[in-house]
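Residue numbers (this note's numbering): 73 to 251.
Written below as structure tokens is the structure these notes are about.
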Ligand SMILES: [Zn+2]
């Protein structure tokens, strides 16, 4: 085959694999919850929705998680998944092994809070300039609104970029599907 057709064929192969993966992923039902066990008290806690999202994310650097029996937060290192018995810290290490330092940094809480904080300030300052000549009432309504919209837009962009990083690192955008 000529280099051009080889190139085309490898591109086609890539596309098929990508779309194939997405197609299969789209077909897999996302579990609603997962249970982890606290080593100290041996009691199970079920995580759902945002907490499940966060605990299933192998790039998450959240240091503590909730135990219902203790009615308190404990270090993530004291918890293991009930179905596999794997410690959550080992699970994070296993699925995030391919992540570069930059990717880890990008998904860290410092960057998230920093970027969202900067978005809020930018939105509020932008609002102050945009509505500089407006009446006080409009200012009171619109300045927090532009701040909020800015956080919302930047947050959505951050979520999408994080999903792309996760996809590259562990093969899944939806980490609740990981075992
Ligand atoms: Zn406990």
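From the three backbone atoms N, C-alpha and C, an ideal C-beta is built for every residue, glycine too.
Source: prediction; values computed, not measured.
- Task: Tell me whether the beta-carbon of residue 247 lies closer than 8 Å to the beta-carbon of residue 128.
- Result: yes
- Query: At a cut-off of 7 Å, is residue 318 close to ligand 1 when judged by its beta-carbon and the heavy atoms of the ligand?
  - Reply: Lying outside 73 to 251, the shown extent of the chain, residue 318 is not represented and no answer is given.
- Given that a residue counts as buried once 16 or more other Cβ atoms are within 10 Å of its Cβ, and exposed if not, what is residue 205? exposed
- Query: Which residue's Cα is closest to the Cα of residue 111: 211, 232 and 139?
  - Reply: 139
- Three-state secondary structure (DSSP) of residue 211: helix
- Can you tell me where the alpha helix (DSSP H) with residue 190 in it begins and where it stops? 181-202
- Express the C-alpha separation of residue 115 and residue 167 in angstroms, rounding to a whole number. 25 Å
- Grab the span of the beta strand (DSSP E) containing residue 144 for me, first residue to last. In the DSSP assignment, residue 144 falls within the unbroken beta strand (DSSP E) covering 144-147.
- Query: Using the rule of at least 16 other Cβ atoms within 10 Å of the residue's Cβ for burial, across every protein chain shown, is residue 195 buried or exposed?
  - Reply: When all chains shown are included, residue 195 counts as buried.
- Query: Three-state secondary structure (DSSP) at residue 141?
  - Reply: coil
- Message: Applying the 10 Å Cβ sphere with the 16-neighbour rule, what's the burial state of residue 199?
- Response: buried
- When DSSP builds the beta bridges, which residues end up paired with residue 110? 151
- Message: At a threshold of 7 Å, does residue 152 count as lining ligand 1 (C-beta to nearest heavy atom)?
- Response: no
- Message: Output needed for residue 210: all residues of its chain with C-beta closer than 8 Å, excluding positions within five of it in sequence on either side, in chain order.
- Response: 203
- Item | Sufficient close CB pairs (3 or more, under 8 Å) joining the segment 159-166 to the segment 178-195 | No, the segment 159-166 is not in contact with the segment 178-195.
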